[in-house]
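Student: Would you mind keeping the following structure in view while I ask a few things?
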Amino acid sequence: MAADAAAGAAATTTFLSILLSLATALSLLSPSLALTCSPQPSFPNKKNYSSCTPLPYLNATLHFTFDHANSSLSLAFSAARPSSGGWVAWAINPTSTGMVGAQALMALKTSTGSVVAKTFNISSYHSIVESKLSFDVWDLSADEAAGGTMRLFASVKVPAGTTSLNQVWQVGSAVDGTRPKIHDMTDANKNSKEGLQLLGAESGPAPAPAPAPALVQAPAPASGVSRIGEGSNGAFLVLSLAFLVSSFFGFY
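For the sequence shown, my numbering assigns the number 81 to the initial residue and increments by one for each residue that follows.
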């Protein structure tokens, strides 16, 4: 009897250990899956992007691929314009985290109904100057999708060794010719900024990361960034753990 009790206690301990491992795997996997943008829409440039992040404000989304080989970022930004003749913008701020100093790509709906793509240097809230940016931009274009969503497409050069960017995005309700008028100052407009992590969005091989110190937990992925491959690896782990649990009870 004592032997049976000991065996039962050991089996219970093993089962609880497996359940704990399964719960831990699910807690790590769920945020990554929740942040995946799928299915990927069909873009007019016929491109597929390796990563996607639903941006937390202004109903905006960024699809992107980072090419480590030539330090370039290929992107498709989309957001719903707030009126029939508005504009949307996505920008990199090389020096700060806000709008001032941002180097912006904009899609503008003109009075003729056409959509044009332009670049603007935002030196202050009252000075938005159309000009070349502080980094190279190519393949810049824009269009309007169903439901009033405007989209920007571009590739931009980033400094070698860059692993993250300060991104800013915005929408406005009016255009004067081909110049944007000031946007609303709601909390959503003011908070439309966050870091963009480039590691994990590469289209080519990146340098091997340094080994993690023993017993140090790796940092969690940045909010809003979906990394291709993490979901499949996590799913494999969960299925393996589920198999162990099922095997324990003799289901297989």
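We treat Cβ as the ideally placed atom computed from N, Cα and C, and that holds for glycine.
1) Just the C-alpha distance for G227 and R161, rounded to the nearest angstrom, thanks.
2) When the Cα of W218 is compared with those of A197, L142 and S253, which residue comes out closest?
3) In terms of residue numbering, what span does the alpha helix (DSSP H) encompassing N150 cover?
4) Mind checking which residues open and close the beta strand (DSSP E) that includes D267?
5) Under the rule that 16 or more other beta-carbon atoms within 10 Å means buried, what is H206, buried or exposed?
6) Whole angstroms is fine: what's the gap from L135's alpha carbon to N201's?
7) Taking buried to mean at least 16 other C-beta atoms within 10 Å of its own C-beta, is Q120 buried or exposed?
8) Short of 8 Å in beta carbon distance, which residues of its chain neighbour T141, apart from the five on each side in sequence? Order them along the chain.
9) If you follow the beta strand (DSSP E) that Q247 is part of, which residue opens it and which one closes it?
10) Just confirm the distance between the C-beta atoms of S253 and G166, as a whole number of angstroms; I'd bet it's less than 8 Å.
11) Pull up the DSSP beta-bridge partners for S158, would you.
12) Classify A226 as helix, strand or coil using the three-state DSSP reduction.
13) How long is the line joining the alpha carbons of N266 and R259, rounded to whole angstroms?
14) Using the DSSP secondary-structure output, state which residues sit across from M186 in a beta bridge.
15) Where does K127 sit, in a helix, a strand or coil, going by DSSP?
16) Short of 6 Å in beta carbon distance, which residues of its chain neighbour V248, apart from the five on each side in sequence? Order them along the chain.
17) Residue range of the beta strand (DSSP E) that Q277 falls in?
18) Using C-beta distances below 6 Å, list every residue in its chain close to L34, excluding the 5 sequence neighbours before and after it, in chain order.
19) Just tell me which of L232, K212 and S154 has its CA closest to the CA of S221.
20) Restricting to Cα atoms, I'd like to know which of K212, T177 and N128 is closest to L153.
21) Which residues bound the beta strand (DSSP E) around V209?
22) Tell me C132's beta-bridge partners as DSSP assigns them.
23) For L188 and F146, I'd like the C-alpha separation in whole angstroms.
24) Quick one, are the C-beta atoms of N335 and Y137 less than 7 Å apart?
Tutor: Let me lay it out:
1) 9 Å
2) A197
3) Per DSSP, N150 is not a residue of any alpha helix (DSSP H), being assigned neither H nor E.
4) Element bounds for D267: not the beta strand (DSSP E) but the alpha helix (DSSP H), D267 to K270.
5) exposed
6) 22 Å
7) Q120 is exposed by the Cβ-count criterion.
8) C117, C132, T133, P134, L135, F157, S158 and A159
9) For Q247, the enclosing beta strand (DSSP E) stretches over residues S244 to G252.
10) 5 Å
11) T141 and R231
12) Of the three classes helix, strand and coil, the one that applies to A226 here is helix, per DSSP.
13) Here residue 266 turns out to be Thr, not Asn, going by the sequence shown. Those two C-alpha atoms are separated by around 21 Å.
14) M186 has A169 and K198 as its beta-bridge partners, per DSSP.
15) coil
16) Excluding positions up to five away in sequence, the list reads A171, N173, M179, A182 and K273.
17) K273 to Q277
18) Any property of residue 34 remains undetermined from this structure, which presents the chain solely from 81 to 332.
19) L232
20) N128
21) S207 to E210
22) H143
23) If I take the Cα positions, the gap works out to 26 Å.
24) Absent from the model: residue 335. The displayed extent of the chain is 81 to 332, so no value can be given.
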